[in-house]
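In order, the protein sequences belong to chains A and B. Residues in the first sequence are numbered from 1 upward in steps of one, following the numbering used here. Residues in the second sequence are numbered from 1001 upward in steps of one, following the numbering used here.
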Amino acid sequence: GAGVSQSPSNKVTEKGKDVELRCDPISGHTALYWYRQSLGQGLEFLIYFQGNSAPDKSGLPSDRFSAERTGGSVSTLTIQRTQQEDSAVYLCASTQGGGRRETQYFGPGTRLLVL
Amino acid sequence: RKEVEQDPGPFNVPEGATVAFNCTYSNSASQSFFWYRQDCRKEPKLLMSVYSSGNEDGRFTAQLNRASQYISLLIRDSKLSDSATYLCVVRNNAGNMLTFGGGTRLMVKP
């Protein structure tokens, strides 16, 4: 079946603009994660959604970052007033139930460049 | 100190060589451990989970040392296609969050 998809694949924006990144998880997966990966760095956890529970937002770096998950499926990560240090690859991952040993399936990422 | 630390490499090895990577983690309450592989400009993909007793999958062997808080990955008979970045991943005791190491880059040369 289809994997995790993300859009856009690339985004170039000007400093100060808002951007929205979209993630479509694998159908039926209840857990969804957002990460970002800066050039040559490891992945940094941003936010986690599990079913109808309140999201774990502990990784969001500032209040300019927010995320929603509508209908338990598609998620949107919004970055307001973008800064150059926001430039990174934003990766979304999903798992079937969020269990500890479940594999996280990653989408291809959105490459964000803030000029 | 980073929560999960890896030697960034690169490790340059000839085909057929055996290579080992280590990873250390700081949270003693960590519950689950994994190795992910990430090819250049691609998303990470699970390579293997790491079990307390150690586990093997073909040419790959993973081991966990809880007392010393480190995880290792051994690759035998390296192939050109093994060239990638290997990410050490630790799941916290709440089970919600994966913490990724910065990755170790492996380059296998002919």
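Quick reminder that beta carbons are idealized off the backbone N, C-alpha and C, glycines included.
Burial check for Val114 of chain A: the Cβ neighbour count within 10 Å reaches 16 or more, so the residue is buried.
Of the candidates B:Asn1065, B:Ile1075, B:Lys1042, the residue whose Cα lies closest to the Cα of Met1048 of chain B is B:Ile1075. Ranked by Cα distance from Tyr1036 of chain B, the options B:Ile1071, B:Lys1109, B:Asp1077, B:Pro1110 are led by B:Ile1071. Judged by their CB atoms, Gln37 of chain A and Val89 of chain A are nearer to each other than the 8 Å cut-off.
Within chain B, no C-beta atom comes less than 7 Å from the C-beta of Tyr90 of chain A; the nearest is roughly 11 Å away. At least one CB of chain A lies nearer than 8 Å to the CB of Phe1100 of chain B. At the C-beta level, Arg1105 of chain B and Pro1008 of chain B come within 8 Å of one another. Taking all protein chains in view, the Cβ of Asp1057 of chain B is surrounded by fewer than 16 other Cβ atoms within 10 Å, so the residue is classified as exposed. The C-beta of Ala54 of chain A has fewer than 16 other C-beta atoms within 10 Å across all chains shown, which makes the residue exposed. Secondary structure at Ser1081 of chain B: helix, using DSSP grouped into helix, strand and coil. Sequence-distant partners of Thr1024 of chain B (beyond 5 residues in either direction) whose C-beta falls short of 7 Å from its own C-beta, in its chain, are Glu1005, Gln1069, Tyr1070. Counting only the Cα atoms, Leu43 of chain A lies some 25 Å from Gly28 of chain A. The criterion of a C-beta distance shorter than 8 Å is not satisfied by Ser1081 of chain B and Met1107 of chain B. The C-alpha of Lys57 of chain A lies about 14 Å from the C-alpha of Ala31 of chain A. Residues of the same chain with a CB within less than 8 Å of the CB of Ser1052 of chain B, apart from the 5 flanking positions on each side, are Leu1064, Arg1066 in chain order. The CB of Glu1043 of chain B comes closer than 7 Å to the CB of Leu91, Phe106, Gly107, Pro108, Gly109 in chain A, given here in chain order.
Put simply, the CB of Leu1087 of chain B is near chain A, with a gap under 8 Å to one of its CB atoms. Taking 9 Å as the Cβ-Cβ cut-off, the region 1046-1065 of chain B approaches chain A at Leu1046, Ser1049, given in chain order. Ala1017 of chain B and Leu1046 of chain B have their C-alpha atoms spaced approximately 23 Å apart. Between the alpha carbons of Ser1078 of chain B and Gln1038 of chain B lies a distance of about 16 Å.
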